[in-house]
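Numbering-wise (our numbering), the sequence shown opens with residue 1020 and increments by one. By construction, the Cβ of each residue, glycine as well, lies at the ideal position given by its N, Cα and C atoms. First the structure, in the form of structure tokens, and then the observations on it.
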Amino acid sequence: MTTSFTEATCVAETAALCGESPVWDARHRVLRWVDIANHQVHAFDPATGINTTLKLPFLVSAVLLLEGSDDLIVATARGLALLNLKTEQLDILHDPEPDLTGNRLNDCKADPQGNLFAGTMSEGAKGPTGSLWRYQGNDPRKLVDGLTVSNGLGWSPGARRFYLVDSAAGEIYAFDHHPESGELRNRTVLASRAPEEGKPDGICVDRNGNIWVALWDGARVECLSPEGKILRQIKLRAQRPTSCCFGGDDLKRLYITSAAIGVDTPDLDGGLFAVDLETPGLPAPAVRWQA
1020 MTTSFTEATC VAETAALCGE SPVWDARHRV LRWVDIANHQ VHAFDPATGI
1070 NTTLKLPFLV SAVLLLEGSD DLIVATARGL ALLNLKTEQL DILHDPEPDL
1120 TGNRLNDCKA DPQGNLFAGT MSEGAKGPTG SLWRYQGNDP RKLVDGLTVS
1170 NGLGWSPGAR RFYLVDSAAG EIYAFDHHPE SGELRNRTVL ASRAPEEGKP
1220 DGICVDRNGN IWVALWDGAR VECLSPEGKI LRQIKLRAQR PTSCCFGGDD
1270 LKRLYITSAA IGVDTPDLDG GLFAVDLETP GLPAPAVRWQ A
């Protein structure tokens, strides 16, 4: 079977140094995302094509919706924080690893029950010191350790399977997931990529259970079956795709962030891309945080 190729369209030439963490905010019909290196939280309105930016005082690696609120939760260099979009006030909530000064938060997402999963990565630390944490309410519990760059969190329809990327290892892991307890078991390698193929980065899952993965230095997004087989590829005019999510009223538009950092001859690198697909994605859950 021949793998089909489609090219994504650049919908905003944002020239982000390291665009990441796209999430569709259905309440406001905007795509929220971050630029890690520029310490920015973005909101792209597809109805107008306008992208707005909020500068934070320090690094921000992920943005999440908060249940029952217009505020956001962001992952920062100082831990998880509450961001008030009206006042631009930033309140630190929790740092899962305050004693690991070489680590920082990276990709974070809410599971379908509203529990926050937070991955950490080694940045300046020696060895695989990153971990995956789960917050139930505001109570953290470590689920996985021994990671270098925890990335790409996703759940299957029904949340019985969980997917996790370690970008430094070039591997996408699959786990059995218990939706109520959050327990992860039976870890397997769903797919791996050699460095010359591009490093797996952020992921999302569609309604059929297929996994869409952005490949840093691969200039593409791959669609994988639940068994890890490549079903389709989306090409970009950007060398470093970073993450992807489904958006739009019908959740049939795949949005893709990218990075311009380290690209010698940039084209549309750092831009925000989109492609319309036949199968919708899963809605982004909001975090249920208990103060």
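- By the C-beta density criterion, K1128 is buried, having at least 16 other C-beta atoms within 10 angstroms.
- In the DSSP assignment, C1037 falls outside any beta strand (DSSP E), carrying neither H nor E.
- Between the stretch 1147–1161 and the stretch 1112–1123 there are three or more C-beta pairs closer than 8 Å, enough to call the two in contact.
- For L1073, the closest alpha carbon among the candidates Q1059, F1024, A1066 is that of Q1059.
- In the three-state reduction of the DSSP assignment, P1159 falls in the strand class.
- Residue pairing by DSSP puts G1149 in a beta bridge opposite L1166.
- The C-beta separation of S1175 from G1228 comes to about 5 Å, placing the pair in contact by the 8 Å criterion.
- Per DSSP, the unbroken beta strand (DSSP E) holding A1094 starts and ends at 1091–1095.
- Each of A1035, F1265, P1198 was checked against the Cα of S1080, and the nearest Cα belongs to A1035.
- Each residue's CA atom was taken as its position, placing I1055 and W1308 some 23 Å apart.
- For L1073, the enclosing beta strand (DSSP E) has its first and last residue at 1069–1074.
- Beta bridge pairing from DSSP links E1142 with no other residue.
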